[in-house]
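In my numbering, the protein residues as written are 176 to 328. First up is the structure itself, then whatever we jot down about it.
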Amino acid sequence: FRMGALQAAVLRVKAPHLSAWTTARRMNASRYVRLFREEDLGDQVVLPIELPGRRHVYNQFVIRVSGRDGLKRHLDERGVGNAIYYPIPFHLQPCFANLGYRVGHFPHAERAAQESLAIPVYAELTLEQQQTVVDAIAEFVRERQGQGAGELV
Numbered sequence: 176f177r178m179g180a181l182q183a184a185v186l187r188v189k190a191p192h193l194s195a196w197t198t199a200r201r202m203n204a205s206r207y208v209r210l211f212r213e214e215d216l217g218d219q220v221v222l223p224i225e226l227p228g229r230r231h232v233y234n235q236f237v238i239r240v241s242g243r244d245g246l247k248r249h250l251d252e253r254g255v256g257n258a259i260y261y262p263i264p265f266h267l268q269p270c271f272a273n274l275g276y277r278v279g280h281f282p283h284a285e286r287a288a289q290e291s292l293a294i295p296v297y298a299e300l301t302l303e304q305q306q307t308v309v310d311a312i313a314e315f316v317r318e319r320q321g322q323g324a325g326e327l328v
């Protein structure tokens, strides 16, 4: 990879801010953990973890939820940002087809691909915006629990 002049100019302006942006995203991630715990959703929303001795930069804040596609629609309808970054597990990507992997070879990866959804974590995110995100997710989970009908897909 060879960086062009325009990319270098942009990086030169942005690089001094990386540490502050990372600190802000880490603060937002910590706030999400607190807000989700306060909602007491049990194991319905699986949050990212930071392993001991590691420092997560939270470029994305990816949660895992059964019925992820239903949650995505729910958030979209409410104008809450979200994204599915890896809808297909790596072993099922077309570029790896020659390796012969099929559905079922890596069930944990397949389940993660079906359940993962990124929610906003950018540095400028406010507490009010985060509360809106968490409230919308909690609403979805509670509606689904009230229906007692398994997944909303």
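Glycine included, C-beta positions come from ideal geometry on N, C-alpha and C. Fair warning: this is a prediction, and the values are worked out from it, not measured in the lab.
When Cβ pairs closer than 8 Å are counted between the two stretches, the stretch 231–251 is seen to touch the stretch 290–308, the count reaching three or more. For P264, same chain residues with a beta-carbon under 8 Å away, outside a window of 5 residues either side, are F281, A284, E285, A287, A288 in chain order. In this structure, DSSP gives V185 a helical state, which the three-state scheme calls helix. Taking C-alpha positions only, A311 is separated from A180 by approximately 43 Å. When secondary structure is reduced to three states using DSSP, S291 falls in the strand class. Boundaries of the alpha helix (DSSP H) around R317: 302–322.
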